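Novice: Everything in the sequence shown is counted per my numbering, starting at -2 for the first residue and increasing by one. Glycine residues also receive a C-beta, built at the ideal position from the N, C-alpha and C atoms. The model shown is predicted, which means the values in this text are computed figures rather than measured ones. My structure is below; once you've seen it, I'll send some questions.
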Amino acid sequence: MTATLWRASLRYGLRHPWQAGLSLLGIALGVAVVVSIDLCIDSARRAFVLSNQAVLGASTHRLEGGSLGIDERVYARLRSDLPGLRAAPVVEGYAAGEDGVALRILGIDVFAERPFRPRLERSASGQREVLVRLLGEPGSALVSGDTAARLGVDVGDTFSVVVNGRRRALVLIALLDVADVLDRASLSDLVVTDIATAQELLERLGRLSHVDLIADAGEQRRVRAQLPAGVRLVRTASGSRFAERMTGAFNLNLVMLGLLALMVGMFLVYNTVTFSVVQRRELIGQLRATGVTRGEIFTLVLAEAALVALLAVALGLALGVGLAEQLVGLVSRTINDLYFRVNVSTLTITPWVLAKGAVVGLAAALAAAAVPALEATRVAPRAAMARSLLEGRLRRRLPMASLAGAAGLLLAAVLVWLPGDSPAVGFAALFVLVFGCALLAPGATVVLLRVLRPFSQWSGGWLGRLALRGVAANLSRTAVAVAALMVALSATVGVGVMVDSFRRSVSSWLDLTMRADMYVGLPGTTGERAIDPPVIARVAALPGVAEVSAGRGVTVAAELGDEPRSVELVAIAMARASYAGFKLLAGDAARVWPAFDSGGAVLVSESFARRERLAPGDRVSLHTDHGVHAFPLAAVYRDYGSEHGTIVMSRASYDRHWNDPAVSTLGVYAGEGVDTGILRGAVAEAIGGDQHLEVRDTRAIKKASMAVFDRTFTITSVLRALATIIAFVGILSALMALQLERAKEIAVLRAQGLTPAEVWQLVQTQTGVMGLIAGVLSLPVGVAMALILILVINLRSFGWSMDVHVDPAILLQAVALAVAAALIAGVYPAYRMARVSPAGALRED
-2 MTATLWRASL
8 RYGLRHPWQA
18 GLSLLGIALG
28 VAVVVSIDLC
38 IDSARRAFVL
48 SNQAVLGAST
58 HRLEGGSLGI
68 DERVYARLRS
78 DLPGLRAAPV
88 VEGYAAGEDG
98 VALRILGIDV
108 FAERPFRPRL
118 ERSASGQREV
128 LVRLLGEPGS
138 ALVSGDTAAR
148 LGVDVGDTFS
158 VVVNGRRRAL
168 VLIALLDVAD
178 VLDRASLSDL
188 VVTDIATAQE
198 LLERLGRLSH
208 VDLIADAGEQ
218 RRVRAQLPAG
228 VRLVRTASGS
238 RFAERMTGAF
248 NLNLVMLGLL
258 ALMVGMFLVY
268 NTVTFSVVQR
278 RELIGQLRAT
288 GVTRGEIFTL
298 VLAEAALVAL
308 LAVALGLALG
318 VGLAEQLVGL
328 VSRTINDLYF
338 RVNVSTLTIT
348 PWVLAKGAVV
358 GLAAALAAAA
368 VPALEATRVA
378 PRAAMARSLL
388 EGRLRRRLPM
398 ASLAGAAGLL
408 LAAVLVWLPG
418 DSPAVGFAAL
428 FVLVFGCALL
438 APGATVVLLR
448 VLRPFSQWSG
458 GWLGRLALRG
468 VAANLSRTAV
478 AVAALMVALS
488 ATVGVGVMVD
498 SFRRSVSSWL
508 DLTMRADMYV
518 GLPGTTGERA
528 IDPPVIARVA
538 ALPGVAEVSA
548 GRGVTVAAEL
558 GDEPRSVELV
568 AIAMARASYA
578 GFKLLAGDAA
588 RVWPAFDSGG
598 AVLVSESFAR
608 RERLAPGDRV
618 SLHTDHGVHA
628 FPLAAVYRDY
638 GSEHGTIVMS
648 RASYDRHWND
658 PAVSTLGVYA
668 GEGVDTGILR
678 GAVAEAIGGD
688 QHLEVRDTRA
698 IKKASMAVFD
708 RTFTITSVLR
718 ALATIIAFVG
728 ILSALMALQL
738 ERAKEIAVLR
748 AQGLTPAEVW
758 QLVQTQTGVM
768 GLIAGVLSLP
778 VGVAMALILI
788 LVINLRSFGW
798 SMDVHVDPAI
808 LLQAVALAVA
818 AALIAGVYPA
828 YRMARVSPAG
838 ALRED
């Protein structure tokens, strides 16, 4: 009996290759999206880890200081008092190459490096003289072969880098050995110099960025006893964990979008397997009548689905790798824009990611196929031969399916209102909402068909009425296709509304925050860079300048949780107009600014307050140059500039606790009636050639900021488009199935006088109606998804609140896209149906 079943299955597969092919394509695309996202995330994470390994090496701990680092005398004293301590001083910073791409400057002590970074000790010649030259020749540097090629230099050449707005010359004395792929990734964009050269380059004479240590518990205690105020001992792994936390929410959002695309593919598998069961209802009935068991039928149907799924997974893995090659640049650019610098030069393909994608794809396909496979076993042999059985059963179960869908919506609402901080709960609510709405889709389709019936009387005549009846009569086919397209479109609507709301909120925030007429600063974003004091004085003294605000951005350590954590601190010398640039979300405005200006109080951004559960009246403990100090928290303000949060304090308070007079940015306020274009030229002239500074007007900064915002969501738009493509395949599959099922029905209509053109019109009207219904149903689902994304997921993921704005244009575009996708998908089935031979089709009956 088993051989008979498999022969029957093979014959059916050979007769309907397009059916399995479309199902295979849908799952393959879903798997490709999931795998490509995982590969991109894994590659970015691996590039960050390898880049850090080149700098951290084998160190277990490090000494860190304030914004200016550590006085090098602290290191000298440690080596003197603890002679057996394994310690290596490091000066680290960023520079820009000739191509504008960031280079990481790493200044090392060649005599202390051997236990820490053995890779950096190797040179192309392998001779000790190279290290002697690095120590003794000012301006000497080592880079990898890849970096040298990108800079266009050979050993012995001089190349330029820009640091703090000044062009500096370096001499390439040797190439770093690249022993393997890991070396190549870890040494990419790294420029290694001696400590003294790095201090001169980065303008940190007498200062160290940090001191790396390899220390056991006893050594750690002895080191702590030697440390002055403002210097702390931290574990090197804490920085990597913080980076993981920063990008965790972003990664989770991408993974969930990939799973949404796979879920759309599941609808396609369900539709395909259901159709294969219906097509063989007579054969299944005959087999059941001759003794084939329910278990054998179930195994057959599921095995067929598994075979297609295995082929789909294989194709999906290949497509996923290719797609990841295209997406990895978008993902790494977004991480660079939002979090930290990471250079993903190659795509890392790991067996674990491929295996995970294969398991997810196979499980999704089998789960989708299990329901129709089970249906095939639950009918009596005679009932299996009844043509109208499936439609009748579906209509009887509509109320139950609708109740289950309503229960899903209720469960989604409960999940949304559950207290907690995990965005995963929000995503669970999102998926429950989608499944609930998919269960409601058949009933909603019936209702909308009744609503459309009066319009068909005058718009399409008897052909329009026939088209609507055809959609309703084949609800087991059409409802699943409508649900698949609805899910994909609702994701488009939901993410579109969220992105549009976010964009409008960011634009309004920029309008509020950017109070000055222009801003002066150094290229790049590292807080260590500083504007020369004479430049500040000259700009402030210009006749057209009413006042200036001065800001200093640094990274400091805060006592948060079990160990100190790095946070962004901005110290501002406010201009009169600067105060209006803060939208306070918590705190008494009448008391905030006096406490901020003279009482040493600080403001924290909304995302920081939510993540650390802080409110006005609490205290924030920061490591200053004079020890740990608890600053009172005066207010929480809105800020979209940093997901991991920012602390703002007055310049006077900063000067009391840090020995850092530097200024990172200047806000220039023009006097009344002063032409800002002319003033901008005057500011540029006042700066002169001493330092390369950027003078950017407010409009240019807003434009650049919005460009970064749009880049951030490029990857999201790509994933939404892929989900819609999968739904398009689902519509095509359903229409092809209908064409095969209705061949005899169309033949009867043709025999009664229906022309090929009218058949074409009939099919296209049906597909258009299906698209219209899917588009209309996607609107409330999409808006509900947007509310969950904005009010739950984004708030818990990034800590940002925003105003909800539903643009009617987004809704109209979704409906138009639904109708267009359905009509395009219906072209080939309509063409096939119009060519049906009445005599041939009726003869088969």
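For Val468 and Ala478, I'd like the C-alpha separation in whole angstroms.
Specialist: So the alpha carbons of these two residues sit roughly 11 angstroms apart.
Novice: Pull the bridge partners of Met646 from the DSSP assignment, please.
Specialist: According to DSSP, Met646 bridges with Ala568.
Novice: Would DSSP call Arg844 helix, strand or coil?
Specialist: Outside the modelled stretch of the chain, which goes from -2 to 842, sits residue 844, for which no answer is possible.
Novice: Taking the CB atoms as reference points, tell me whether Thr764 and Ala822 lie closer together than 8 angstroms.
Specialist: Yes, Cβ-Cβ distance for Thr764 and Ala822 is below 8 angstroms.
Novice: Which same chain residues, not among the five before or five after Met830, have their C-beta less than 6 angstroms away from its C-beta?
Specialist: Same-chain partners within the cutoff: Gln736, Ile743, Val756, Val760.
Novice: Using DSSP with H/G/I as helix, E/B as strand and the rest coil, what is Asp143?
Specialist: DSSP places Asp143 in helix when its eight states are reduced to three.
Novice: Counting along the chain, where does the alpha helix (DSSP H) carrying Tyr91 start and finish?
Specialist: Where Tyr91 is concerned, there is no enclosing alpha helix (DSSP H), although the beta strand (DSSP E) it sits in stretches over 83 to 93.
Novice: Using DSSP bridges, identify the partner residues of Asp694.
Specialist: In the DSSP output, where bridge partners are listed per residue, Asp694 has Met515.
Novice: Could you have a look at His620 and say whether DSSP puts it in helix, strand or coil?
Specialist: Three-state DSSP puts His620 in a strand.
Novice: Consult DSSP for Glu682 and reduce its assignment to one of helix, strand or coil.
Specialist: Helix, per DSSP.
Novice: Sort Leu557, Ala572, Asp497 by Cα distance to Val542 and report the nearest one.
Specialist: Measuring from the Cα of Val542, the nearest candidate turns out to be Ala572.
Novice: Can you name, in chain order, every residue of its own chain whose Cβ lies under 6 angstroms from the Cβ of Gly104, other than the five neighbours on each side?
Specialist: Taken in chain order, the residues that qualify are Val88, Thr190, Ile192, Ala195.
Novice: What is the DSSP secondary structure of Leu539, reduced to helix, strand or coil?
Specialist: Three-state DSSP puts Leu539 in coil, outside helix and strand.
Novice: With burial defined as no fewer than 16 other Cβ atoms inside 10 Å of the residue's Cβ, what is the status of Ala321: buried or exposed?
Specialist: The residue is buried, with at least 16 neighbouring Cβ atoms inside 10 Å.
Novice: With a CB to CB cut of under 7 angstroms and the five nearest residues on each side skipped, what residues in its chain are close to Pro135?
Specialist: Cβ within range, chain order: Thr194.
Novice: Taking buried to mean at least 16 other C-beta atoms within 10 Å of its own C-beta, is Ala781 buried or exposed?
Specialist: Buried: at least 16 other Cβ atoms inside 10 Å.
Novice: Between the alpha carbons of Phe499 and Glu197, how many angstroms are there, rounded?
Specialist: Taking the straight line joining both Cα atoms gives about 43 angstroms.
Novice: Report yes or no: do the stretch 488 to 498 and the stretch 804 to 823 share at least 3 C-beta pairs separated by less than 8 angstroms?
Specialist: Counting Cβ pairs under 8 angstroms, three or more are found: they touch.
Novice: From Ser77 to Asp622, what does the alpha carbon distance come to, in whole angstroms?
Specialist: If I take the Cα positions, the gap works out to 23 angstroms.
Novice: Less than 7 angstroms between C-beta atoms, sequence neighbours within five positions excluded: which residues of the same chain meet that for Cys659?
Specialist: Residue identity check: residue 659 is Ala in the sequence provided, not Cys. Cβ neighbours of Ala659 beyond the five flanking positions: Ala527, Arg549.
Novice: Buried or exposed: Ile332, going by 16 or more other Cβ atoms within 10 Å of its Cβ?
Specialist: Residue confidence for Ile332 is low, a pLDDT of 49 falling below 50, so the modelled location carries little weight and cannot support an answer.
Novice: Here's the rule: buried if 16 or more other CB atoms are within 10 angstroms of the residue's CB, otherwise exposed. What is Arg221?
Specialist: So Arg221 counts as exposed.
Novice: According to DSSP, simplified to helix, strand and coil, what is Arg393?
Specialist: Of the three classes helix, strand and coil, the one that applies to Arg393 here is helix, per DSSP.
Novice: For Arg562, which residues does DSSP report across the bridge?
Specialist: DSSP output for Arg562 lists Ala555 as bridge partner(s).
Novice: Under 7 angstroms Cβ to Cβ from Arg616, same chain only, skipping five residues before and after it: list those, please.
Specialist: Within the same chain, Arg616 has close Cβ partners Ala627, Phe628, Pro629, Leu630.
Novice: Would you kindly work out how many angstroms separate the C-alpha atoms of Cys434 and Ala302, rounded to a whole number?
Specialist: Roughly 25 angstroms separates the two Cα atoms.
Novice: According to DSSP, is Arg832 part of a helix, a strand, or is it coil?
Specialist: It is coil, neither helix nor strand.
Novice: According to DSSP, is Val32 part of a helix, a strand, or is it coil?
Specialist: If DSSP states are grouped into helix, strand and coil, Val32 belongs with the helices.
Novice: Given a cut-off of 8 angstroms on the beta-carbon distance, is the pair Ala811 and Leu788 in contact?
Specialist: No, Cβ-Cβ distance for Ala811 and Leu788 is not below 8 angstroms.
Novice: Could you tell me which of Gly405, Arg447, Leu173 sits nearest to Phe428, measuring between CA atoms?
Specialist: Nearest of Gly405, Arg447, Leu173 to Phe428, Cα basis: Gly405.
Novice: Would you report the Cα separation of Asp707 and Ala697, rounded to the nearest angstrom?
Specialist: Each residue's alpha carbon lies about 15 angstroms from the other.
Novice: Could you have a look at His802 and say whether DSSP puts it in helix, strand or coil?
Specialist: If DSSP states are grouped into helix, strand and coil, His802 belongs with coil.
Novice: Run the CB neighbour count on Phe452, radius 10 Å, all protein chains shown included, and call it buried at 16 or more, exposed below.
Specialist: Looking at its Cβ environment, which holds fewer than 16 other Cβ atoms inside 10 Å, Phe452 is exposed.
Novice: Just to confirm the assignment, what range does the alpha helix (DSSP H) spanning Glu609 have?
Specialist: 603 to 609 is the extent of the alpha helix (DSSP H) around Glu609.
Novice: With 16 as the cutoff for other CB atoms within 10 Å, does Val368 come out buried or exposed?
Specialist: Counting Cβ neighbours within 10 Å, Val368 comes out exposed, since fewer than 16 surround it.
Novice: Any idea what DSSP makes of Tyr825, helix, strand or coil?
Specialist: Helix.
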